[in-house]
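Per the UniProt record's numbering, the sequence shown starts with residue 1, numbered consecutively.
Glycine is no exception: its CB is placed at the ideal position from the N, C-alpha and C atoms.
Quantities reported herein were computed from a predicted structural model and do not represent experimental measurements.
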Amino acid sequence: MGDSSKHSGRDHAIELDSNDALRHTRDEFNVPSKADVARKTLPTSDSTDANDRAIYLVGNSLGLQPKRTLDRIQQYLATWRTQGVQGHFKPLDDSPLPTWLDVDARAAEMIAPIVGGKYAVETQIRHHGLRPEDSMITIEPPNNEDILSNEYVESIIEKHASTTAVLLLPGIQYYSGQLLDIPHLTSFARERGIFVIWDLAHAAGNVPLSLHDWNVDAAAWCTYKYLNGGPGCIGGLFVHERHTQVGDDGSHNVRLAGWWGNDKKNRFAMRPGFVPVPGAAGFQLSNPSVLDITSLCASLEVFELAGGIAPLREKSTRLTAYLVSELQKLPQDMGAYWNIITPSEQERRGAQVSILLAGGLLDEVMAGLERRSVLVDERRPNVIRVAPAPLYNTFLDCWGFVGAFRGALEEALDAKWKKEQTDK
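Written out as structure tokens, the structure reads:
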């Protein structure tokens with residue numbers, strides 16, 4: 001790639017960023033500097049040089065820290081320090097935080113527009129006295145393919161429909177980055193009397209979801225990836241309202257009941273019996289970590305600042321399409337050593353692009369990217385996952401990754417050739 005084409009490519013990425021209506025949300029996040037990702041100690045000061053930033057394209061594994069997270073956590077700690085147990089019930093006039101009694105409801109209210117709500121498989125099988133090898137059907141792509149077609153999934157469902165109680169599928173497959181057809185497959189399975197649960201770890205905060213309207217029975221997700229809640233942050237749960245209704249006499253679907261799922265009017269009254277909160281909240285067991293939810297809500301504030309999931313998805317499709325387009329400009333003679341296994345259609349993928357490398361190249365390519373201060377992640381044996389997150393990633397990030405990937409791949413191929421010569 002000559003200097004002129006390199007210059008024009010970079011200039012084009014900068015132009016795309018300057019025209020991005022959501023460019024301001026990047027300023028809401030702490031993007032690690034090149035020095036940060038290289039050092040093995042805590043930094044003594046924050047770098048303010050925008051050109052010194054590392055390229056962080058791994059929001060599918062752990063989202064970056066919103067700048068307001070520190071403020072919100074300090075406000076929570078101040079409440080705990082000065083109010084003690086009163087923090088559960090006492091609103092503070094100068095704090096943006098809800099009481100601890102209401103903090104989970106606030107998080108649910110904020111995340112509902114993202115997932116489309118209204119306001120460990122083997123272990124479960126063994127818990128019911130069954131054997132996983134007899135009671136669990138695994139759906140894998142046929143003939144060593146990377147993608148699951150609707151037709152193939154339907155054929156497996158149809159084959160086992162009469163003996164299937166629950167269908168559990170990923171909204172986005174973590175390895176390939178494929179976005180499954182959630183509404184269609186939900187409808188197909190439910191028409192056959194199957195309860196449908198979706199694992200949305202890689203979908204929540206990544207693509208628009210309408211779980212209630214799609215008649216999904218239940219879904220669960222983490223909040224540390226695209227939702228930027230922080231490592232190990234609290235999980236999320238959706239249960240369709242048809243399963244959560246509470247009768248006037250307190251009648252409800254049987255569940256593993258815990259005191260935090262009890263109706264708020266009775267929660268601290270210690271009355272006998274369990275009357276659940278309507279909705280998924282009625283399935284909570286113990287009180288959630290206020291620290292976790294405070295961290296999550298700091299990120300959800302930025303989602304609101306961006307205008308919700310719809311404009312973020314629109315930007316995400318442009319970012320990912322640009323990334324793929326730039327990858328396709330790499331020299332043809334390098335094409336034998338990598339290919340994209342994520343579906344090419346935008347409606348069948350989220351932010352993530354999965355790159356399958358030829359055997360024996362992964363470690364060297366990852367090391368080369370790290371030397372260039374580019375952070376992505378790997379899934380062995382041979383896949384690199386690249387995920388531009390629209391809240392904080394830029395077109396320039398994507399352009400920079402492609403150049404770094406080319407350099408790292410060239411170095412890996414050279415190292416492999418030298419090793420082969422030595423081994424002869």
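Cβ-based neighbour list, Gly407, same chain, cut-off 8 Å, excluding 5 preceding and 5 following:
Position 407 of the sequence shown, counting from 1, holds the residue named residue 407. If we look at Gly407 and ignore the five residues flanking it on each side, its Cβ neighbours are Gly368, Arg372.
For the pair the region 127-136 and the region 239-248, tell me if three or more CB-CB distances fall below 8 Å.
no
Out of Arg192, Leu168, Asn19, Gly193, which one is the CA nearest neighbour of Ala201?
Position 201 of the sequence shown holds residue 201. Ranking the options by Cα distance to Ala201, first place goes to Leu168.
Should Met334 be labelled buried (16 or more other beta-carbon atoms within 10 Å of its own) or exposed?
Walking along the sequence shown from the start, residue 334 turns up at place 334. So Met334 ends up on the exposed side.
Counting only runs of 3+ residues fully inside the region 122-192, write out the beta strand (DSSP E) ranges in chain order.
166-170
Own chain residues within Cβ distance below 8 Å of Tyr76, not counting five before or after
By one-based count along the sequence shown, residue 76 stands at place 76. Within the same chain, Tyr76 has close Cβ partners Leu97, Val290, Leu291, Thr294.
From Arg313 to Leu180, what does the alpha carbon distance come to, in whole angstroms?
As a first step, residue 313 must be located in the sequence shown, where it is residue number 313. As a first step, residue 180 must be located in the sequence shown, where it is residue number 180. Computed Cα separation, rounded: 16 Å.
Report the partner residues of Val383 according to the DSSP bridge assignment.
Working through the sequence shown from its first residue, we reach residue 383 at position 383. Its beta-bridge partners are Leu356, Arg379.
Roughly how many whole angstroms lie between the Cα atoms of Arg192 and Thr138?
Residue numbering aside, residue 192 sits at position 192 when the sequence shown is read from its first letter. Residue numbering aside, residue 138 sits at position 138 when the sequence shown is read from its first letter. One C-alpha to the other measures close to 18 Å.
Three-way DSSP call (helix, strand, coil) for Phe283 in this model:
The count along the sequence shown starts at 1 and reaches residue 283 at position 283. It is helical.
From the DSSP output, in three-state form, read off Ala367 for me.
By one-based count along the sequence shown, residue 367 stands at place 367. Residue state, collapsed to three classes: helix.
Which partner residues does Leu237 have in the DSSP bridge list?
Residue numbering aside, residue 237 sits at position 237 when the sequence shown is read from its first letter. Answer by DSSP bridge pairing, in chain order: Ala220.
Determine which residues share a DSSP beta bridge with Arg53 and list them.
Walking along the sequence shown from the start, residue 53 turns up at place 53. Paired residue(s): Ser33.
Would DSSP call Met1 helix, strand or coil?
Stepping through the sequence shown from its first residue, residue 1 is reached at position 1. Summary for Met1: the model assigns pLDDT 49, below 50, so the residue's position carries little reliability; its value from the coordinates is reported in the next sentence. Coil.
Am I right that Pro388 and Asp397 are in contact with their C-beta atoms under 8 Å? What's the rounded C-beta distance?
The residue labelled residue 388 in the question sits at position 388 within the sequence shown. The residue labelled residue 397 in the question sits at position 397 within the sequence shown. Confirmed, Cβ separation roughly 6 Å.
Between Trp338 and Leu356, what straight-line distance do the alpha-carbon atoms span, to the nearest angstrom?
Walking along the sequence shown from the start, residue 338 turns up at place 338. Walking along the sequence shown from the start, residue 356 turns up at place 356. Each residue's Cα considered, the two are about 5 Å apart.
Tell me whether Ala73 sits in a helix, a strand or coil according to DSSP, three-state version.
On the sequence shown, residue 73 is found 73 positions in, with the first residue counted as 1. First, the amino acid is wrong: residue 73 is Ile here, not Ala. Three-state result, Ile73: helix.
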